[in-house]
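*Asks:* Residue numbering for the sequence shown follows my numbering, starting at 97 and increasing by one per position. We put the CB at the ideal spot given by N, CA and C, even for glycine. After the structure tokens below, expect a handful of questions from me.
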Amino acid sequence: MVLEIIETYLIGGVVGFIVGVIVARIYFKSRIELKNIGQVIEYALVHENIKQLNSMTESLTKLVADIDECSEEIMEKLEISRDIEAEYVKRENEGKPENGH
97 MVLEIIETYL IGGVVGFIVG VIVARIYFKS RIELKNIGQV IEYALVHENI
147 KQLNSMTESL TKLVADIDEC SEEIMEKLEI SRDIEAEYVK RENEGKPENG
197 H
């Protein structure tokens, strides 16, 4: 009778230990997988942000190139307008008598 009780407790303990190990492995494995999934999601978000930053950088580079091109055109037109203004002032001064003479 005592031997049967000890045997039952021993079998119960071994079975409980095995079940505990299995449950612990499943639990920790799922926790590790969740952590890995979190890392994958984080990586995907970072990767998407990098793609957006690259796209923004390309857009800004194009914008700077357009601004540079426009500024060159404006400078050329400004030089032409200064030349025209100088020519206009020169022609007006040629037509005026100096100090009433």
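Do you know how far the Cα of I122 is from the Cα of S155?
*Replies:* The alpha-carbon atoms of S155 and I122 are separated by roughly 49 Å.
*Asks:* Do you know how far the Cα of R187 is from the Cα of G196?
*Replies:* The predicted position of G196 is uncertain, since its pLDDT is 49 and thus under 50; a value taken from the coordinates is nonetheless stated next. Going by the C-alpha atoms only, they are around 18 Å apart.
*Asks:* Can you grab the Cα-Cα spacing for the pair E129 / Q135, in whole Å?
*Replies:* For E129 and Q135, the distance between alpha carbons rounds to 10 Å.
*Asks:* By DSSP, does G196 sit in helix, in strand, or in coil?
*Replies:* Per-residue confidence for G196 stands at a pLDDT of 49, beneath the threshold of 50, marking its modelled position as unreliable; the derived number appears in the next sentence. Three-state DSSP puts G196 in a helix.
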